[in-house]
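With the first letter of the sequence shown counted as 1, position 53 gets the number 68 in the numbering used here; the numbers rise by one all the way through.
Built from N, CA and C at the ideal position, the CB exists for glycine as well.
What follows is a single structure, written as structure tokens, with notes after it.
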Amino acid sequence: MGIFSAPSTPYVPPLPAAPPSPPTTADPAVSKAATDAMNRAKAAAGFGSTIATSPQGVATAANTSLKTLLGQ
16 MGIFSAPSTP
26 YVPPLPAAPP
36 SPPTTADPAV
46 SKAATDAMNR
56 AKAAAGFGST
66 IATSPQGVAT
76 AANTSLKTLL
86 GQ
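Structure representation (structure tokens):
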């Protein structure tokens, strides 16, 4: 026991509400999103064969010689 009284306790705010549960794989929206993503990946895979160069550009040397008379 002393001259000073005990300090008052600080105010504790109430806990926030629990977050909604995450969607499960059985949810139709989740399965539709997965199907859409798979279809987009399949469609994009077809464009790979149309690219004729690598990311570094054309790897072969350019033909810079001039043609002469008689095609030589």
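So, using beta-carbon positions, are Pro-38 and Val-45 closer together than 9 angstroms?
yes
May I ask you to report which of helix, strand or coil DSSP gives Ser-36?
coil
Given the structure, does Thr-83 come close to the ligand MG, in the sense that its CB is under 8 angstroms from one of the ligand's heavy atoms?
Absent from the structure shown: the ligand MG. Ligands present: none.
The alpha helix (DSSP H) that contains Thr-50, what's its start and end?
43-60
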